[in-house]
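Report on the following structure.
Protein chains: 2
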Amino acid sequence: MKIGTKGRYAVMAMVDVAKYGNKTTPVSLSDIAERQEISLSYLEQLFCKLRKAHLVSSMRGALGGYLLSRSSDHISIADIIDAAEEPVRLTRCPSIKGKGCMKNEVQCLTHHLWEGMGNQISSYLKKISLQDILDKKSLEPCALIESPSSNHLEYSTCS
Amino acid sequence: MKIGTKGRYAVMAMVDVAKYGNKTTPVSLSDIAERQEISLSYLEQLFCKLRKAHLVSSMRGALGGYLLSRSSDHISIADIIDAAEEPVRLTRCPSIKGKGCMKNEVQCLTHHLWEGMGNQISSYLKKISLQDILDKKSLEPCALIESPSSNHLEYSTCS
DNA sequence: CTTAATCCTGACTTTTATACTCAGGATTAA
DNA sequence: TTAATCCTGAGTATAAAAGTCAGGATTAAG
Chain A
29 MKIGTKGRYA
39 VMAMVDVAKY
49 GNKTTPVSLS
59 DIAERQEISL
69 SYLEQLFCKL
79 RKAHLVSSMR
89 GALGGYLLSR
99 SSDHISIADI
109 IDAAEEPVRL
119 TRCPSIKGKG
129 CMKNEVQCLT
139 HHLWEGMGNQ
149 ISSYLKKISL
159 QDILDKKSLE
169 PCALIESPSS
179 NHLEYSTCS
Chain B
29 MKIGTKGRYA
39 VMAMVDVAKY
49 GNKTTPVSLS
59 DIAERQEISL
69 SYLEQLFCKL
79 RKAHLVSSMR
89 GALGGYLLSR
99 SSDHISIADI
109 IDAAEEPVRL
119 TRCPSIKGKG
129 CMKNEVQCLT
139 HHLWEGMGNQ
149 ISSYLKKISL
159 QDILDKKSLE
169 PCALIESPSS
179 NHLEYSTCS
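For the protein sequence lines, the chains are A and B, in the order given.
Going by the numbering used here, the first sequence opens with residue 29, and the numbers climb by one from there.
Going by the numbering used here, the second sequence opens with residue 29, and the numbers climb by one from there.
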């Protein structure tokens, strides 16, 4: 899993749909574009993916727009990012997932690390739902405890 | 914190130094380049940063090379990545760290999320030392528990 | 004291991925 | 019939990443 603007925009847009839509009234992309300051065409691309991932359903025609296809507490952030962001595989060796790879030892030693980190991120994002974001209760489970000296520890502080 | 090849190469190179060097014999970049299949000039750039971050010390001249400047169990992966990777700030609003930002509500709701995630990653990587990687005990603390359906959950499976 | 191996540095180029645009079609409420 | 919307693919432009190059500084060994 990787997180770039695409994923971040997708999350923002979904929060917008969750906030301004309900079961009967869909939210149009042009409204989202305006509120979130994201280009309309770019949103169209994103929602194409979100729809294919069954996170939203669309209503075409005038007064159309998008609706969440499940309730906001059953959509996790990981769901959204998985849908929006294309999978990256910055790999150099032909290891099959699960099976270890056969190359140079030192290189392979680090595989566990990246896998572990990916799991860490995705398990974190799986625990957080759209509704949690609306309720602002996204932060508690993760201890902010310290990172006093280490600056530039920002992943992307701000959307 | 962001992780690209730069950070990954840096970790691989540091593991290499930890493995093939000791207190008296430094490891030359040309050896690392060959073993890890990373371009020499690129390594030179990386080690410039690693040295400035006091993670390695250099010995110039023939038979020179790099040494860890602390023992391998006192160097965390977070240390290495912080040193190698330049900080990203994919931000659109002028919020100051700590202080909340003043813009549009939905945008700001997601800030907590990204901050939490950054903390999640860095606290994970802080717990893992170079020595842990050599000992292959990097994976245990992080539960691999499940990710059955969700494929492309790879951050970067392979170096 | 010369040489070869190394570190050191900045500037440059190439490549790739991202972010974004554009053009046009399909659908449907009013 | 019209205007608002979704829908899609192809194209472009920008920026960041990855990698190269050229040349200097330092030093162990012969």
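Idealized CB from N, CA, C, for every residue including glycine.
DSSP lists 87/A as the beta-bridge partner residues of residue 93/A. One Cα belongs to residue 85/A, the other to residue 68/A, and the distance between them is close to 18 Å. CA-to-CA, the gap between residue 33/A and residue 47/A works out to about 21 Å. With a beta-carbon spacing of about 14 Å, residue 134/B and residue 159/A fall beyond the 8 Å limit used to define contacts. Under the Cβ distance rule, residue 53/A does not count among the residues neighbouring chain B, no pair being separated by less than 8 Å. Secondary structure at residue 104/A: strand, using DSSP grouped into helix, strand and coil.
Under the 8 Å criterion on CB atoms, residue 134/B is classed as interfacial with respect to chain A. Looking at 88/A, 105/A, 150/A and 147/A, the one whose alpha-carbon comes closest to that of residue 53/A is 88/A. For residue 56/B, the secondary structure class from DSSP, reduced to helix, strand or coil, is coil. Residue 99/B has its alpha-carbon roughly 9 Å from the corresponding atom of residue 51/B. Within 8 Å of the CB of residue 43/A, the CB atoms of chain B belong to 134, 137 and 138, in sequence order along the chain.
Look at residue 157/A here: in three-state DSSP terms it is strand. Residue 153/A places its beta carbon less than 8 Å from that of residue 106/A. When rounded, the separation of the alpha-carbon atoms in residue 41/B and residue 142/A is 15 Å. Residue 82/A carries a coil assignment under DSSP once its states are collapsed to helix, strand and coil. Using a CB distance below 8 Å, the part of the stretch 56 to 86 of chain B facing chain A consists of 63, 64 and 65, ordered along the chain.
Within chain B, 145, 148, 149 and 183 have C-beta atoms less than 7 Å from the C-beta of residue 149/A, given in sequence order. Residue 31/A sits close to residue 113/A, with the two beta carbons spaced by under 8 Å.
The C-beta of residue 90/A has fewer than 16 other C-beta atoms within 10 Å across all chains shown, which makes the residue exposed. Taking 8 Å as the cut-off, the Cβ atoms of residue 38/B and residue 108/B count as close. Not a single CB atom of chain A sits nearer than 8 Å to the CB of residue 108/B. When secondary structure is reduced to three states using DSSP, residue 35/A falls in the helix class.
With a cutoff of 8 Å on beta-carbon distance, residue 57/A and residue 72/A are scored as near each other. Excluding its 5 nearest sequence neighbours in each direction, residue 162/A has C-beta neighbours in its own chain below 8 Å: 43, 46, 47 and 100, listed in chain order. With its beta carbon at least 8 Å from every one in chain B, residue 95/A lies outside the interface.
In the structure shown, the three-state DSSP call for residue 63/A is helix.
Here DSSP, grouped into helix, strand and coil, assigns residue 49/A to coil.
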